[in-house]
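J.: Starting off with a structure, shown below.
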Amino acid sequence: MAMDGMSTSPAGLSFHNGSDFYPRKLGPKPDVVPSGVTERKVGAVDKPDMVAVDVINFQDSDTPLHRKKQETDTYVLWSGPPWTLTEQGTIHPFRKTHKSFLGKFVQEFNLVASDRRSWKILLFGVMNVICTACLLMWCNSTNSMALTAYTYLTIFDLFSLITCLMSSWVTMKKPSQLFSFGFERFEVLAVFASTVLVQLGALFILKESVERFVEQPEVHTGRLLVGTFVALFFNLLTLLSVKNKPFVYVSEAASTSWLQEHVADLSRSLCGIVPALSSFLLPRMNPFVLINLAGAFALGITYMLIEINNYNAVDTASAVAIALMTFGTMYPMSVYSGKVLLQTTPSHVIGQLDKLLREVSTLDGVLEVRNEHFWTVGFGSLAGSVHVRIRRDANEQMVLAHVTNRLHTLVSTLTVQIFKDDWTRPSLVSGVLPAATLSASDYGGASGFLPPASSKQAEELDPLTSTPTKPSSPPPEFAFNTPGKNIQPVVLPSTHQHRPYNLGLAYGASPYTSMLNQGFTQPGGGLGVGAGLGMGARLPSVQGYRTSFSAAPHRYGSNLLPSQTSQYRP
Amino acid sequence: MDDKYSSNVISGGKLGRVEVPNARLTRYIVLLLLTKMLKALGIFESYDLLKVVHIVQFVFILKLGCAVILLFFQKPFSTGKMVAKRQWIKILKHAVISSIISLLGFFGLTLCGPLRTLLLFEHSDVVVISLLSVLFTSSGGGPSKTRGAAFFIIAVICLLLFDNDDLMAKMAEHPEGHHDSALTHALYTGIAFLGVADHKSKVESWSGLIMPFVMIIFSVMILDFYVESICTAKLEAPRSARYGSIFLFLSGLLLANFWTHPLTDQLRAMSKPGQQASTEHVLSGGVLVSACFFILSDSILSSPSKKGQKGTLVGYSPEGIPLYNLMGDALQHSSQSLPRFIKDSLKQILEEYDSRQIFYFLCLNLAFTFVELFYGVWTNSLGLISDGFHMLFDCSALVLGLFAALMTRWKATRIYSYGYGRVEILSGFINGLFLMVIAFFVFVESISRLIDPPNINTVMLAPVSVGGLIVNLVGICAFSHAHSHGASKGSCSGHEHGHSHGGHGHSHGHGHSHSPGGRGMNANMRGVFLHVLADTLGSVGVIISTVLISQFGWLIADPICSLFIATLIFLSVIPLLKDACEVLLLRIPPEHEKDLNFALEKVQKIEGVLSYRDPHFWRHSANVVAGTVHLQIMSDVVEQRVIQQVTAVLKDAGVNNLTVQVEKEAYFQHMSGLSTGFHEVLAMTQQMESMKYYKDGTCIM
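Shown next as structure tokens:
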């Protein structure tokens, strides 16, 4: 029973009273024994009941998991963009009927529609559809290619509204089992699809215009100007009143389009003449507003020339111009979102990543970093995996923790695989045993309940030094048997609780001294041997942890010195 | 950030050039103006003269007179350095080329009149150089130069298309035929003086031509040479070039307006009778517009580039001054030559089956297209021409597919860390979208025709569509062969795919272990195949509707056919789009889903494994299925053994790029110490909780 308490207490202590833990780890001053510690111990004494419960937990935790999986299989499915929706039902009915799929869509739609902000988007969407229908009719009646090209921009606005709806849907969804990275990618895909669709429309316009160059039909100017202004008004209204998160992000993150560059260049020279305009003209222009204005301008010129000179070829020329501008505007964005979809490392974080990886490779015990894959999941959040090859005698968990800690600042979804050469032929030959194997063989037979606790202790030796360099595992019997099994485990859990790892990057001696001060004051029992262990482990790190092998005997020798331990006793 | 630094001292260009205030330079500018006006006058004069004198004689006399005067003033032999032998060869080359250029120039003058010649021919070398650098090099010098080049091209196009001077069509632009620099003439005249004998030929009344010749030689050659060199020294080359060309064009416009006017007749140096066919080469709207564009483009192109050298920021000096590395640009551009590039990529294309198929089919398609276009132009049939453009439009999908198939084999780079395999899927997706767009347009078109069926001329239609059908059938054969070739189990359309999906449950674990790239054809090839299929359907539809219309006169058959085809295209694209979407969205690959669930269960049963979290599995490309998983294991288990076992289990399930993070309890304790974020610790605490329970359970057991 006591052992049971011991085995659980470290976790409980260090994590459960996180509130205690936090303020304290920052302050180096030795403070009072937290009340939580004793409380926790009481809890630990009560443990036997809990154990029985836990066993049950363990058994049926399998089944719920399983059941959940099947549930998600049948349940969570596509609920993507509307255009993907229709396709879903028609061709690929996964194990469910068409109707349930529609129902699913309606359910998701209701989920989105329940938010008040999306009402506005829906309203704009309806307006946009009406406006587009009107414009398409006018395009037909005027027979103008340029107006058609401009109408495609309105259709693009519709796409962007859909993307906007989807991004609000994405924020409501949690990662499912099928889409384990979450649904942020839907946003990216929607942005990519809409930009590509508009570009394909522009390509179509180009093709039609080439055909028109061969034979130019007459263009009626009747509704041309009206259509232009209606489209411009609606586009600008939609752009400026709907807060379109994904597109704003992409248009800022992507490289500038040539249209933007030219306008920036022109406005810079204009600001040279009229400096007052600089606040208005100099910041980066919104590409969508820009292309809408430029398209309207081209249409205005078309109207003028056709009215004055009856010069119909201008219509085709301005259609080509609008199509080219559409290409110019959308291309950088589709490249950006396409690169996200291609799982590439965003070039702007490469510098930072390189720095972090260099830091990682200089960690002690790390031999090389390879197979590094970093990519963005949605817009912004980085995911990645990396393989780290370490020395055979290095402590895997320690290195893992340090590597994770370094990279975690930048990469939110991180997986690190620690890799050792030749791990099958280890230990006995070299004399340096991995802690885990030895402790298992040593203690497994000795006492039924000991192994988890003691092997954990073996691991904890390293945390105390916090140096991945350390000749990772001292022969465990040396560490544990000598102090005496019964006393030590009670102490160490609480000492390690106050390890100031938060200062982790600084490997200097100071954190460890402060750690010692802290650590030794508070354990309930305050038992000397445990403190001694801590002390012993600390020494090499003060000396410089790369020399650890030579330091080892000295360290463990010091373990046993009662004078030293008593010195730190509160 | 870029702006912030570009406004800095070095890149801002503030340091280098200091503009002299205009006031001090006014006299030079006036001088330049006068010279340019005289030059324009001289060119107009020479146009008149060229109607009388043969062009070769004219050029000869011009050069000779120039040479004599310049020799007299410059004294190239008595002063300065001796000219070496090698330089003589260069001089000779230069002389020949420059005389050819001036011959061409004056020939153009006879063809298209003085104003147009001025506009096209008399650009200063600064302008020409920057134009060429924009057109043919990547580092043109910023957007403004690009704009200038665009204006230049627009001006030329204006002159070619919109000017109704019929002779203009014959006059092509000579970008290399820039302003005859006076140096050329000096050298040329030197040669002329040394080598060439004086051939006075048999033109009568030379005496009457002496005055105009002297005037032309003086104004076009000599004065221009001296004034321009002075102005270049005083005003700096770009500025003098800008002012010079503006003045020249403006005075050209002015003269063109008044040249044929009776008032100016008295001003003319030579008033020959019988050359008053004054309607030729008059001012037109097109010329005016293009002159405006030329002036604009000249002033843009001749302005010195503002940016200067673009440096990359390397850091800060101890004083806090930013340090730039200015030599990056020069080193990076080591591009291979074009023929070599083409050869290499052709070799790459032909290496692999997929890209070879696409390439051959693309060639076939292009050949057909060009035959169609050529025949269309030959017979002046608009239908054929537009169909040819349509085919070209379709070819773009093939080009995309080819490019993707090529890129797929590129080596992994730092940015594309998994390799370029995913490009294929993206290209398949884009091709799918492309087909959707086509289906949409066909649909809209057919609906509008359904309401108002137009009369269709079926004469040319049948043979063309039969030809298209044959080409596309060849394509289908090729690609479906590719399909069966590469596929272990047939899955091309959605239904078959669904079938293989269902059949997959029976033989999982075995069927996938040796063919991880499950689906037969990759997304790219599927996209291309569907494209060809859609084209074939289109041809079939056209043939059927042609037959129906010509036999029964059912005009409605055509829109119905296209409606049907649009629907078919739409339906056939959907599975492709869906699959590509699933891959792009990082969904668990559906064909591995069961295996993976099974494998994860197995993983959990591995000795020492307590639980797993964050299992992510996704298909990266056709033959890479990647996965990451975090395992919690008991403290007394060797991590590497667990990794090995887990990797083996998941490899069986089809995952071939796996990263396993093995965590023991110690890891969480380390992390709790290391991490600073409260939430992370909370999350980890929960993780630990579960772990603890498991451990307790195992403890008891």
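Chain order of the listed sequences is A and B.
In this text, residue positions in the first sequence follow my numbering: the first is 1, and each later residue adds one.
In this text, residue positions in the second sequence follow my numbering: the first is 1, and each later residue adds one.
Glycine included, every Cβ here is placed at the ideal spot set by N, Cα and C.
Apart from the five residues on each side of it in sequence, which residues of its chain come closer than 6 Å, Cβ to Cβ, to B:Ile69?
T.: Ile222
J.: Less than 8 Å between the CB atoms is what I'm expecting for B:Phe403 and B:Gly475, so what's the real figure, rounded?
T.: That pair is no contact at about 18 Å.
J.: Among residues of its own chain, excluding the 5 on either side of B:Arg462, which ones have a beta-carbon nearer than 6 Å to its beta-carbon?
T.: The sequence shown places Ala at residue 462 of chain B, not Arg. Excluding residues within five positions, the ones whose Cβ falls inside 6 Å are Thr546.
J.: Just how far apart, CA to CA, sit B:Val624 and B:Val156?
T.: Roughly 53 Å separates the two Cα atoms.
J.: Please decide whether B:Ser98 counts as near chain A, where near means a Cβ-Cβ distance under 9 Å.
T.: no
J.: Just tell me which of B:Pro212, B:Val134, B:Leu571, B:Phe107 has its CA closest to the CA of B:Leu38.
T.: Per the Cα distances, B:Pro212.
J.: Residues in the stretch 168-202 of chain A with C-beta within 7 Å of chain B's C-beta atoms, listed in sequence order?
T.: Correct list: Leu178, Phe179, Ser180, Phe181, Arg185, Phe186, Leu189, Ala193, Val196, Leu197, Leu200, Gly201.
J.: A:Val335 by DSSP, collapsed to three states: which one?
T.: helix
J.: Would you please verify whether the beta carbon of A:Val45 is less than 9 Å from any beta carbon of chain B?
T.: Note on A:Val45: pLDDT 35, under 50, position unreliable in the model; the coordinate value appears next. Cβ-Cβ to chain B under 9 Å: no for A:Val45.
J.: Is the CB-CB distance between B:Thr628 and A:Ser385 below 9 Å?
T.: yes
J.: What residue does the beta strand (DSSP E) around A:Ala383 start on, and which one ends it?
T.: 382-390
J.: Would you tell me roughly how many angstroms separate the C-alpha atoms of B:Ile101 and B:Leu118, rounded to the nearest one?
T.: A direct Cα-to-Cα measurement between B:Ile101 and B:Leu118 gives close to 14 Å.
J.: Since A:Lys607 is in the beta strand (DSSP E), which residue starts that stretch and which ends it?
T.: The structure shown does not extend to residue 607 of chain A, since chain A is modelled only from 1 to 570, so the question has no answer here.
J.: With the cut-off set at 9 Å, would you say A:Val584 and A:Ile155 are in Cβ contact?
T.: Residue 584 of chain A is absent from the model: chain A starts at 1 and stops at 570.
J.: From B:Leu50 to B:Ser130, what distance separates their C-alpha atoms?
T.: Roughly 32 Å separates the two Cα atoms.
J.: Ordered along the chain, which non-local residues of its own chain (more than five positions away) have a Cβ less than 8 Å from that of B:Leu350?
T.: Arg356, Phe359
J.: In three-state terms, what does DSSP make of A:His220?
T.: coil
J.: Rounded to whole angstroms, how far is the Cβ of B:Val646 from the Cβ of B:Ile588, which I believe are closer than 8 Å?
T.: At roughly 17 Å, the Cβ-Cβ gap does not stay under 8 Å, so B:Val646 and B:Ile588 are not in contact.
J.: Using a 10 Å radius around the Cβ and a threshold of 16 neighbouring Cβ atoms, would you call B:Cys231 buried or exposed?
T.: buried
J.: Specify, as a first and last residue, the run of the beta strand (DSSP E) that B:Ile633 falls within.
T.: 624-633
J.: What number of angstroms, rounded off, separates the C-alpha of B:Lys578 from the C-alpha of A:Phe179?
T.: 14 Å
J.: How about B:Val724 and A:Thr171: are their beta carbons less than 9 Å apart?
T.: Limits of chain B in this structure are 1 at one end and 701 at the other, which puts residue 724 of chain B out of reach.
J.: Could you say if the stretch 376-393 of chain B and the stretch 415-423 of chain B meet the contact criterion of at least three C-beta pairs nearer than 8 Å?
T.: The stretch 376-393 of chain B makes no contact with the stretch 415-423 of chain B; the number of CB pairs closer than 8 Å stays below 3.
J.: Compute the beta-carbon to beta-carbon distance between A:Val214 and A:Asn143, rounded to the nearest angstrom, for a pair I have assumed lies under 8 Å.
T.: Wrong, their Cβ atoms sit about 16 Å apart, outside the cutoff.
J.: Answer with buried or exposed for B:Ala182, where buried requires no fewer than 16 other C-beta atoms within 10 angstroms of its C-beta.
T.: Interpretation of B:Ala182 is limited by its pLDDT of 46, a score under 50 that renders its predicted location unreliable; no figure is taken from the coordinates.
J.: Could you tell me whether the Cβ of B:Thr146 comes closer than 9 Å to any Cβ of chain A?
T.: yes
J.: Give me whichever residues DSSP pairs with B:Ser621 in a beta bridge.
T.: B:Val624
J.: Going along the chain, which residues of its own chain have a beta-carbon closer than 6 Å to the beta-carbon of B:Thr110, five neighbours each way excluded?
T.: Leu50
J.: Does A:Pro23 pass the burial test, meaning 16 or more other C-beta atoms within 10 Å, or should it be called exposed?
T.: For A:Pro23, the predicted structure reports a pLDDT of 36, less than 50, and the residue's modelled location is therefore unreliable. The matter cannot be settled from this model.
J.: Quick test of your reading: A:Gln216 and A:Asn312, contact by CB under 8 Å. State the CB separation rounded to the nearest angstrom.
T.: 5 Å
J.: Below 8 Å on the Cβ atoms is my contact criterion, and I expect B:Lys602 with B:Ile633 to pass it. Report the Cβ-Cβ distance as a whole number of Å.
T.: The Cβ separation is near 15 Å, so there is no contact.
J.: With 9 Å set as the bound, which would you pick, yes or no: does the beta-carbon of B:Ala405 sit closer than that to a beta-carbon of chain A?
T.: no
J.: Check the C-beta distance from B:Gly654 over to B:Asp595 and give it rounded, since I have them as a contact under 8 Å.
T.: 6 Å
J.: Applying the 10 Å Cβ sphere with the 16-neighbour rule, what's the burial state of A:Phe288?
T.: By the neighbour-count rule (16 or more Cβ atoms within 10 Å), A:Phe288 is buried.
J.: Using a Cβ-Cβ cut-off of 6 Å (strictly less than) and excluding sequence neighbours within five positions of A:Leu357, which residues of its own chain qualify?
T.: Val369
J.: Please state whether DSSP places B:Pro575 in a helix, a strand or coil.
T.: helix
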